[in-house]
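Under the numbering used here, the first residue of the sequence shown is numbered 3, with each subsequent residue one higher. Idealized CB from N, CA, C, for every residue including glycine. Nothing here was measured: the structure is a model prediction, and the numbers come from that model.
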Amino acid sequence: MKDIYRDRRNRLMKSLGAGVLVLPGARLTTRNSDVHHSFRQDSDFFYLTGFDEPASCLILSHDGQGKTESILLVPPKNKEKEIWDGFREGAEGVVKNYGVDAGYSNEELADVLFLKLEGHKTLFFDFDRDRSTDKAIHDVLLRFKTLKRKNPVFPRKIQFFKDELGEMRHCKSSQEVELFKQCAEVTRKGNEAVMKALKPGMYEYEVEAILEYEYKRHGGTHGYGHIVAGGYNATCLHYHDNNQKLEAGTVLLIDSGCELPHKFTADVTRCYPVDGKFPPKIREIYEIVLEANKKAIAKCVIGSSIREVHREAQRVLASGLVKLGILSGDIDSLIDNGELGKFYMHGTSHWLGMDVHDVGRYDEPDGSAVLFREGMMLTIEPGLYFRKEYSGIDTPYEGIGIRIEDDVLIGGSGPVVLTSSIPKEVAEIEAIMAGK
Ligand SMILES: [Mn+2]
3 MKDIYRDRRN
13 RLMKSLGAGV
23 LVLPGARLTT
33 RNSDVHHSFR
43 QDSDFFYLTG
53 FDEPASCLIL
63 SHDGQGKTES
73 ILLVPPKNKE
83 KEIWDGFREG
93 AEGVVKNYGV
103 DAGYSNEELA
113 DVLFLKLEGH
123 KTLFFDFDRD
133 RSTDKAIHDV
143 LLRFKTLKRK
153 NPVFPRKIQF
163 FKDELGEMRH
173 CKSSQEVELF
183 KQCAEVTRKG
193 NEAVMKALKP
203 GMYEYEVEAI
213 LEYEYKRHGG
223 THGYGHIVAG
233 GYNATCLHYH
243 DNNQKLEAGT
253 VLLIDSGCEL
263 PHKFTADVTR
273 CYPVDGKFPP
283 KIREIYEIVL
293 EANKKAIAKC
303 VIGSSIREVH
313 REAQRVLASG
323 LVKLGILSGD
333 IDSLIDNGEL
343 GKFYMHGTSH
353 WLGMDVHDVG
363 RYDEPDGSAV
373 LFREGMMLTI
383 EPGLYFRKEY
393 SGIDTPYEGI
403 GIRIEDDVLI
413 GGSGPVVLTS
423 SIPKEVAEIE
433 AIMAGK
């Protein structure tokens, strides 16, 4: 893996050109009192380093002739701190084990910045990632500016690099796709365990515990908060209370994905009947959403776009609502005039990778849609949500919320559904839940 990270750093600097780049990692954040939230490294930082300790900083430089240098500033070795909080690589460890050219203590940031920025005309830096690094950059530039000696060469130009890095992360290599498949497989195991355990009277948090148990015992965790929404709760798009009892005759919506230590995460939504059999009214809605899911997936080909995919999903959903007699009129008009939006109020897709809502642009500078290229990964997640409070329309489907979400790779010869092993056909789900 060392070589992968080094290669990414070199590619980034070669695409940016001459200059020096500063990228802080994530810090621990307080949960309460002196307790911290569990640490999650910043995805950009991890993508370039593979390094998982908090309060670290990466400095990359490129001399414009093709020579690059990588430096990591990390928590210093400290016997007492390590007794309490665990092992630290320290400045020497990161050179040895993470393939950077030099390591320093993060306490030396001000001086290392002064040393490493000198001689460079361009600083690649995104403000607002980390307040104290913002201040360190401000202070070091001020230090150069007020230097007594004549004309020191220091960066007088600051260039944001988030877009260039985002472009790199956007198209996944075949190796990255393989890593992602591991997330999809553990997520499948979580879903399978839920299907086997689900029964009326269980609580949403028990289902959440099953998912987390499967992810944890495979070395992972959740890539975002589990949405475990029984019955009516599924009409809340990002429901997260996960504390209600599951009733027979309802459906449980699970939107959850496993993140593994390489930081890729799956993002999958499935709906399971609590008592093992889809009630007819819910099934009518389920089949419409499933058709939208499949037809939208079919549009995931090179040269298409998230806009086209979304339109396709919207058309299927609007047609379905017309057939059920809930909406009436021309399909495209129902989409454009917001009628469909009363029941389908979110997008169909987002990019997917090391962040569940991954980096990558959605629009070109001229306002046109970014077209699919090989290696892009996205979600397909159409849904329908019936809540009079939102729609102002009485329907026989009040309280039903269905979403079916898969993770799709834009392949050279068509869409590759990376989560295809997680059942979504009604018959298949019912058979598994019946123990067949
Ligand atoms: Mn999603």
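Is residue i buried or exposed, if buried means 16 or more other CB atoms sit within 10 Å of its CB?
| i | result |
| --- | --- |
| D334 | exposed |
| P417 | buried |
| R405 | buried |
| P425 | buried |
| H122 | buried |
| D132 | buried |
| L30 | exposed |
| S175 | exposed |
| I287 | buried |
| T252 | buried |
| N153 | exposed |
| R11 | buried |
| P275 | buried |
| N80 | exposed |
Looking only at its chain, what residues have a beta carbon closer than 7 Å to the beta carbon of residue i, apart from the 5 residues adjacent to it on each side?
| i | result |
| --- | --- |
| F163 | L18, L23, F126 and D128 |
| I299 | I382, D408, V410, P417 and V419 |
| K4 | Y100 and G101 |
Spell out the partners DSSP gives residue i in its beta bridges.
| i | result |
| --- | --- |
| Y274 | L254 |
| H38 | T32 |
| D5 | None; D5 has no bridge partner. |
| K247 | Y205 |
| K159 | T124 |
| T381 | D409 |
| L50 | In the DSSP output, where bridge partners are listed per residue, L50 has none listed. |
| D365 | A371 |
| E261 | T223 and T267 |
| L420 | The partner list for L420 (beta bridge, DSSP) is empty, contrary to what the question assumes. |
| T70 | H64 |
| C59 | P26 and L75 |
| L386 | I404 |
| Y106 | L75 |
| I229 | D257 |
Beta-carbon within less than 6 Å of residue i's beta-carbon, same chain only, minus the 5 sequence neighbours each way: which residues are those?
| i | result |
| --- | --- |
| D408 | I382, V419 and T421 |
| E310 | K301 |
| G362 | G168, H172 and W353 |
| G414 | E376 |
| G259 | T189, G225, T267, A268, D269 and V270 |
| L373 | G305 and S307 |
| L329 | L323, L336 and E341 |
| S72 | R11, L62, V102 and D103 |
| D360 | W353 and L354 |
To the nearest whole angstrom, what separates the beta carbons of residue i and residue j, a pair I think is in contact under 8 Å?
| i | j | result |
| --- | --- | --- |
| T124 | P77 | About 29 Å; that fails the 8 Å criterion. |
| L14 | M170 | 6 Å |
| Y205 | L248 | 7 Å |
| R272 | I284 | Wrong, their Cβ atoms sit about 14 Å apart, outside the cutoff. |
| E314 | K296 | Not a contact, Cβ separation roughly 10 Å. |
| F48 | M356 | 7 Å |
| R90 | F116 | Actually they are not in contact, since the Cβ atoms of R90 and F116 sit about 24 Å apart, beyond 8 Å. |
| S351 | L326 | Wrong, their Cβ atoms sit about 25 Å apart, outside the cutoff. |
Closer than 7 Å, CB to CB, is residue i near chain D or not?
| i | result |
| --- | --- |
| C238 | Looking for chain D here will not work: only one protein chain is present. |
Go through its chain and collect everything with a Cβ distance to residue i's Cβ below 8 Å, but skip five positions before and after it.
| i | result |
| --- | --- |
| K183 | L420 |
| K16 | H64, G68 and T70 |
| E166 | L14, S17 and L18 |
### Message
Does the structure place the stretch 26 to 33 close enough to the stretch 131 to 147 that three or more beta carbon pairs sit under 8 Å?
### Response
A contact exists between the stretch 131 to 147 and the stretch 26 to 33.
With a threshold of 8 Å, are at least 3 pairs of Cβ atoms found where one atom belongs to the stretch 53 to 64 and the other to the stretch 188 to 199? The stretch 53 to 64, when compared against the stretch 188 to 199, does not touch it at the 8 Å Cβ threshold.
*Quick one: any contact between the stretch 384 to 404 and the stretch 337 to 354, if contact means 3 or more CB pairs under 8 Å?*
Verdict: yes, contact present.
Below 8 Å, can you find three or more Cβ-Cβ pairs linking the stretch 67 to 76 to the stretch 90 to 98? Enough Cβ pairs lie closer than 8 Å, so yes.
- Query: Does the stretch 248 to 267 come within contact of the stretch 221 to 234, defined as at least 3 CB pairs closer than 8 Å?
  - Reply: Using a Cβ-Cβ distance cut-off of 8 Å, the stretch 248 to 267 and the stretch 221 to 234 are in contact, since at least three pairs of beta carbons, one from each stretch, lie closer than that value.
Three or more C-beta pairs closer than 8 Å, one from the stretch 235 to 252 and one from the stretch 187 to 197: is that the case here? At 8 Å Cβ cutoff, the stretches do not touch.
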